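Chains as they are written, first to last, in the numbering used here: chain G, 419 to 504; chain B, 419 to 504.
This is the structure we're talking about:
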C-alpha cells in the first residue's frame with residue numbers, strides 16, 4: 419500500500435498539531451491542577467475539533483478524521499479533568 | 419453565491435479552533451510575560467498548521483486554507499513574542 423504525498427503531508431500535519439495538545443494533558447495528570455485552564459477555550463477547541471471530524475467525513479479525507487479524532491480524545495480529557503478538578 | 423453545507427461546517431470548525439488560540443495571544447499582549455509558554459509546543463503547533471495550509475492547497479479545500487491561515491498568524495505571533503520576551 420502506498421500513500422499519496424497529500425495524505426502523507428496531512429498525517430505529518432496532524433501529528434504536529436495533535437502533539438501540541440499533549441504537554442497540557444501530561445501537566446494536568448501530574449499536578450491535578452486545572453484552575454488556570456480556560457474552560458471556554460477548551461469548549462471552543464473541542465467543539466471545533468468535533469466539527470472538523472464531521473467535515474473530514476463529508477469530504478472523505480482520512481488525515482483530517484484521524485488527526486482530529488486523536489485531538490478530540492485529548493481535548494475532551496482536558497475538559498473532563500477541568501470539570502472534575504475545577 | 420451560496421455555500422455548501424460542507425464548506426459551512428468547515429468554516430464554523432475553523433472559527434472555533436482558531437478562536438481557541440486568541441486568549442493566549444491577548445494574555446501575552448497584556449502581560450508581556452511568556453516564560454510559562456512552551457516553546458516546543460508552539461514550534462510543533464506552528465509547523466503543523468503550516469503543513470495543514472499546504473495540505474489544504476493540495477486538496478483545494480478553502481475552509482482548511484482559511485482556518486489554518488488565520489491560526490498561523492496567531493501562533494507565529496506567540497512564537498515571535500516568546501523569542502522577544504524569552
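Note that CB positions come from ideal geometry on N, CA and C, so glycine has one too. Since we're looking at a predicted model, the values are computed, not measured.
Item                                                                                                                                                      : Value
The alpha helix (DSSP H) that contains residue 436 (chain G), what's its start and end?                                                                   : 423-437
Using a beta-carbon distance below 9 Å, is residue 476 (chain G) in contact with chain B?                                                                 : yes
Compute the distance between the beta-carbons of residue 453 (chain B) and residue 466 (chain G), then report whether it is under 9 Å.                    : no
Since residue 442 (chain G) is in the alpha helix (DSSP H), which residue starts that stretch and which ends it?                                          : 440-449
Decide if residue 449 (chain B) is buried, meaning its Cβ has at least 16 other Cβ atoms within 10 Å, or exposed.                                         : exposed
What separation, rounded to the nearest whole angstrom, lies between the Cα atoms of residue 500 (chain B) and residue 493 (chain B)?                     : 10 Å
When you compare only the Cα positions, how much space is there between residue 409 (chain B) and residue 434 (chain B)?                                  : With chain B running from 419 to 504 in the structure shown, residue 409 (chain B) is simply not present.
Can you name the start and end residues of the alpha helix (DSSP H) that residue 466 (chain B) belongs to?                                                : 457-476
Listing by chain order, which chain G residues have their CB less than 8 Å from the CB of residue 427 (chain B)?                                          : 469, 472, 473, 476
What's the C-alpha gap between residue 422 (chain G) and residue 429 (chain B)?                                                                           : 26 Å
Quick test of the definition: if touching needs 3 or more C-beta pairs under 8 Å, does the region 456-476 of chain B touch the region 469-477 of chain G? : no
Could you tell me whether any Cβ in chain C is nearer than 9 Å to the Cβ of residue 431 (chain G)?                                                        : The structure shown has no chain C; the protein chains it does contain are G and B.
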